[in-house]
Ligand SMILES: [Zn+2]
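Numbering (the numbering used here), first residue to last: 921 to 1362.
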């Protein structure tokens, strides 16, 4: 167990959206106390002190949909639609990935996430062919220190080789169980193709496997031009509270009702949703209106930004724009504005935790929760505010403003620098991997 930490004197963001100056005590990987300077300090003696004066102390961000292996291919594709993207990135660059490339991509992807204040990530892993690839993906998540749910898809799944996929999934579950010394930091799930990319019979088989093994499911659904996914799962009796729908841009009202009634959740990826043309706007507003748990995701750093502050700001702008369109079309100024910045911050913290099944673990600063939190340096001009550090962070924060990142009580970033030599190690791995990828694409 890491040494107890006392985060002293920061502006703490509380679950009700207010912030005030307080101390936060972390012990045994959990939040052990929150109080004023005297109260929390008196409760300990052997703790390491982190001075958080002029910093915002907030829950670590939760990314509910990211393809982590793409870390090494960041900013490799732009200005093309989904199918051209898939050809450029998944096929031309990703097809030849070795286990070493998977390790480098996922580790570098984790560095990008941690550096940007993401403490929990859903890793949608679909570029894994061999058992060695699968082990490399799992090992990179472990080595990075991030908290994760690894949704396993892999090449056996995408090529429809069910018996191989089944065998690999069972093997992964055993390998994962053997590594449980990590205090439950990594959880598993299945990344399934869903009705947009698999036949009804294949879906029934794969959903059956997930349920037999007790693994939650995540699938891409509701993108423009690929309608009816939820409807079809409903006909097959496959809907359930264990299903996470990624994108969901074009769900019909009936599909939203079906997802709500079955207890499913949604991951919105505002940047990719809008710039790649998966929908005219992200599914955030529709999910909130339907009472469906919703979180945010960066999706692919090959095409979009790696930080969730950008996703929050895009989500708010998109939802406001959508709601405002009606009165504006009538020639009126909107009488009121929908949604707010706190609701968007909530999506990237508590909302994401709910989507990933970690609601009682992470997503808010409260006693008993996992010690997953971040601090933002408020001393820079762009995060200055007239007494509202939370709004300042929402409006202006980016990865460089993240001073400290803590996961399960372990410090992964401190004074703006990643700890434990992680950056240097990952940089070496990714530079060797990129050389191999370039060599192969000649
Ligand atoms: Zn995706």
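Note that beta-carbon positions come from the ideal geometry of N, C-alpha and C, so glycine has one too.
heavy atom of ligand 1 below 7 Å from residue i C-beta
{"i": "residue 1043", "result": "no"}
{"i": "residue 1166", "result": "yes"}
{"i": "residue 983", "result": "no"}
{"i": "residue 1193", "result": "no"}
{"i": "residue 1140", "result": "yes"}
{"i": "residue 1302", "result": "no"}
{"i": "residue 987", "result": "yes"}
Endpoints, beta strand (DSSP E) assigned at residue i
{"i": "residue 1203", "result": "Careful: residue 1203 lies outside any beta strand (DSSP E) and carries neither H nor E."}
{"i": "residue 1323", "result": "1322-1327"}
{"i": "residue 1363", "result": "No information on residue 1363 is available, as it lies outside the stretch 921 to 1362 that the chain covers here."}
{"i": "residue 1353", "result": "Not the beta strand (DSSP E): residue 1353 falls in the alpha helix (DSSP H), residues 1342-1360."}
{"i": "residue 994", "result": "Run containing residue 994: none; DSSP gives neither H nor E here."}
{"i": "residue 952", "result": "950-955"}
{"i": "residue 977", "result": "975-979"}
{"i": "residue 942", "result": "939-947"}
{"i": "residue 932", "result": "925-933"}
{"i": "residue 1215", "result": "1214-1216"}
{"i": "residue 1335", "result": "Segment: none, residue 1335 is in no beta strand (DSSP E) and carries neither H nor E."}
Beta-carbon gap between residue i and residue j smaller than 8 Å
{"i": "residue 980", "j": "residue 930", "result": "no"}
{"i": "residue 928", "j": "residue 971", "result": "yes"}
{"i": "residue 1171", "j": "residue 1206", "result": "yes"}
{"i": "residue 1279", "j": "residue 1286", "result": "no"}
{"i": "residue 1265", "j": "residue 1314", "result": "yes"}
{"i": "residue 1068", "j": "residue 1022", "result": "no"}
{"i": "residue 1192", "j": "residue 1220", "result": "yes"}
{"i": "residue 1231", "j": "residue 1218", "result": "yes"}
{"i": "residue 1296", "j": "residue 1261", "result": "no"}
{"i": "residue 1152", "j": "residue 1115", "result": "yes"}
{"i": "residue 1351", "j": "residue 1020", "result": "no"}
{"i": "residue 1064", "j": "residue 1113", "result": "no"}
{"i": "residue 982", "j": "residue 938", "result": "no"}
{"i": "residue 1142", "j": "residue 1165", "result": "yes"}
{"i": "residue 1326", "j": "residue 1293", "result": "yes"}
{"i": "residue 1098", "j": "residue 1066", "result": "no"}
{"i": "residue 1076", "j": "residue 1085", "result": "yes"}
{"i": "residue 1222", "j": "residue 997", "result": "yes"}
{"i": "residue 1336", "j": "residue 1227", "result": "no"}
{"i": "residue 988", "j": "residue 1014", "result": "no"}
{"i": "residue 1333", "j": "residue 1035", "result": "yes"}
{"i": "residue 1144", "j": "residue 1197", "result": "yes"}
{"i": "residue 1224", "j": "residue 1195", "result": "yes"}
{"i": "residue 1181", "j": "residue 1150", "result": "no"}
{"i": "residue 1346", "j": "residue 1009", "result": "no"}
Interface flag, residue i vs chain D, CB-CB below 8 Å
{"i": "residue 1195", "result": "Here there is only one protein chain, and chain D is not present."}
Residue range of the unbroken alpha helix (DSSP H) whose run includes residue i
{"i": "residue 968", "result": "Premise fails: residue 968 lies in the beta strand (DSSP E), 968-971, not in any alpha helix (DSSP H)."}
{"i": "residue 999", "result": "Neither: residue 999 is in no alpha helix (DSSP H) and is coded neither H nor E."}
{"i": "residue 1195", "result": "1190-1195"}
{"i": "residue 1179", "result": "1173-1182"}
Residue i Cβ short of 7 Å to ligand 2 heavy atom set
{"i": "residue 1219", "result": "No copy of ligand 2 appears in this structure; the ligands present are ligand 1."}
Contacts around residue i, its chain only, beta-carbon distance under 8 Å, and the 5 residues preceding and following it disregarded
{"i": "residue 1214", "result": "1185, 1186, 1187, 1188, 1203, 1204, 1207, 1208, 1267, 1271, 1275"}
{"i": "residue 1124", "result": "1156, 1158"}
{"i": "residue 1304", "result": "1298, 1312"}
{"i": "residue 1106", "result": "1058, 1061, 1062, 1067, 1068, 1069, 1070, 1096, 1099"}
Residues near residue i in its chain [Cβ-Cβ closer than 6 Å; skip 5 each side]
{"i": "residue 946", "result": "925, 1291, 1329"}
{"i": "residue 1349", "result": "1024, 1027"}
{"i": "residue 949", "result": "1291, 1328, 1329"}
{"i": "residue 923", "result": "968"}
{"i": "residue 1053", "result": "1019, 1022"}
Sequence-distant residues of the same chain with beta carbon closer than 7 Å to residue i, five excluded per side
{"i": "residue 1071", "result": "1042, 1043, 1044, 1045, 1109, 1110, 1111, 1138"}
{"i": "residue 1093", "result": "1108, 1133"}
{"i": "residue 1277", "result": "1136"}
{"i": "residue 1140", "result": "1114, 1116, 1166, 1167"}
{"i": "residue 1309", "result": "931, 939, 976, 1298"}
Would you mind listing the beta strand (DSSP E) stretches within the stretch 1227-1313 that are 3+ residues and don't spill past its ends, in chain order? 1293-1297
At what residue ranges does the stretch 1043-1097 contain a whole run of the beta strand (DSSP E), taking only runs of 3 or more? 1067-1072
Which whole runs of the beta strand (DSSP E) in the stretch 1098-1158 are 3 residues long or more, in chain order? 1106-1112, 1137-1141
At 3 residues or longer, what runs of the beta strand (DSSP E) sit wholly inside the stretch 1007-1032? none
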